[in-house]
Amino acid sequence: MANILFSLIGGLIAGYALRSFSLAKVAGRVTLIGVMLLLFVMGMQIGSDATLFSRLPIIGLRAAALAIFCAAGSVLFSLPLRKQKR
Amino acid sequence: MSGMLLAAVIAGLLFGRAFLPQGSSLDLSTVAYGLLLLVLGGVGFELGQTKGLLSRLRSLKWQAWLLPLLSAVGSLVGGLLAGLLLGMGVLSGLTVAAGFGWYSLSSVLIAEFGYTELAAVAFLANVIREIVAIVAMPLLFKWHFGLAAVTAGGATTMDTTLAVIARAADQETTVLAFYHGLVLSLLVPLLVPALVSIL
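Those protein sequences? They're chains A and B, same order as listed. For the first sequence, the numbering used here puts the final residue at 86, and the numbers step up evenly by one. For the second sequence, the numbering used here puts the final residue at 285, and the numbers step up evenly by one.
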């Protein structure tokens, strides 16, 4: 937990300190590669667990339903603010 | 973008199924955690490099500050309902919902408490939420959902789906989307462990 905040805030401070070098594109690329690797590893975690893998249809179905309900919930609850900007 | 995300997940699933012996997932969770820290460092770095971030946030209208709040409550209500309908329990639904689309962080946090299957559900649900958002957002903007369209993306509106928003909406909306994603992202490491601990 502490590591997570440390990493995020550490990155923020480093990015701000080095702002005159405009390395955001490089950081963006590193982040994208990291995300792809992370997704691959997390997929492997499920794939290497026989119990989880055999339950993938039900896990996937639940996940899809949750995703749609959460996204729809956010949109519906935010409708009163749809025209507020600045 | 969403195609690449999905391809990485499926490749991992098949690779793990075909080549990895059972029980090797403990080492993998360390690898995943390390990668997560790298990704977070990168996200922080990009934020630090963004010019005029504070002044952009300061120029927002006060009602707009409520957007992440309504969005978070909406997601949680959606998760609660889905948990009920799917028969997996209200708290499990809420826990997955509190990931707000941040798949890497939420599932690692849940797995830390030993709920492997719920972590897998949270992971896939949040990946799918990001993909749903990428597909739905341009349509929602076209149908005049305005700021509400932004909230479909949850925490991802500060990074991965921000590009989609920037292309489909005006600059004010993009700035707000960033702020929305930032607040939801900060809520994830607070809400998810709190909800898992009472499961």
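Note that beta-carbon positions come from the ideal geometry of N, C-alpha and C, so glycine has one too. Quantities reported herein were computed from a predicted structural model and do not represent experimental measurements.
For the set B:Thr260, B:Tyr189 and B:Phe227, the Cα lying nearest the Cα of B:Thr243 is the one of B:Thr260. Interface annotation, B:Phe101: in contact with chain A, CB-CB separation under 8 Å. Per DSSP, reduced to three states, the secondary structure at B:His266 is helical.
Contact between A:Gly11 and B:Phe131 holds, since their C-beta atoms are separated by about 4 Å, short of 8 Å. By a beta-carbon distance limit of 8 Å, B:Ser157 does not contact B:Leu276. Their separation comes to about 16 Å.
Taking a C-beta distance under 8 Å as the contact criterion, B:Ala238 and A:Ala71 qualify as a contact pair. By the neighbour-count criterion, in which 16 or more other beta carbons inside 10 Å mark a residue as buried, A:Thr31 falls on the buried side. Separation of the CB atoms of A:Ser54 and B:Leu106 is rounded to 15 Å, and the pair is thereby denied contact status at 8 Å.
Out of A:Leu18, A:Ile68, A:Ala50 and A:Phe21, the CA that lies nearest to the CA of B:Leu99 is found in A:Ala50. Of the residues B:Ala280, B:Leu285, B:Ile220 and B:Ala263, the one whose Cα lies closest to the Cα of B:Leu152 is B:Ala263. Bounds of any alpha helix (DSSP H) do not take in A:Leu23, whose DSSP letter is neither H nor E. Chain-ordered listing is empty here: chain A has no CB closer than 9 Å to the CB of B:Val269, the nearest sitting near 12 Å.
In the three-state DSSP reduction, B:Ile217 falls in the helix class (H, G or I). When C-alpha distances from B:Ala211 are compared across B:Ala183, B:Tyr265 and B:Leu226, the shortest belongs to B:Ala183.
Residues of chain A with a Cβ closer than 7 Å to the Cβ of B:Ala211 are, in chain order, Ala63, Leu66 and Ala67. Closest in C-alpha terms to A:Phe69, from the list B:Arg215, B:Ala235, B:Pro224 and B:Leu126, comes B:Arg215.
DSSP, reduced to helix, strand and coil, places A:Leu52 within a helical segment of the structure shown. Interface residue (Cβ-Cβ distance to chain A less than 8 Å): B:Gly134 is classified as such.
In this structure, DSSP gives B:Thr136 a state outside helix and strand, which the three-state scheme calls coil. Only exposed fits B:Met90, as fewer than 16 other CB atoms lie within 10 angstroms of its CB. A Cβ-Cβ separation of about 11 Å leaves B:Leu268 out of contact with B:Phe186 under the 8 Å criterion. Distances from the CA of B:Leu126 to each of A:Ala63, A:Leu5 and A:Met36 were compared; the closest alpha carbon is that of A:Leu5. For A:Ala2, no chain B residue has a C-beta closer than 8 Å to its own C-beta; the minimum C-beta separation is roughly 10 Å. Residue contact check for A:Ser54 against chain B: no CB pair falls below 8 Å.
In the same chain as A:Ile59, and ignoring 5 residues on each side of it, no C-beta atom comes closer than 6 Å to its own. Of the candidates B:Val207, B:Ile220, B:Ile96 and B:Ala234, the residue whose Cα lies closest to the Cα of A:Ala63 is B:Val207. Close to B:Arg215, with beta-carbon spacing below 7 Å, are these residues of chain A in chain order: Ala67, Cys70 and Ala71. Taking 8 Å as the cut-off, the Cβ atoms of B:Val129 and B:Asp256 do not count as close.
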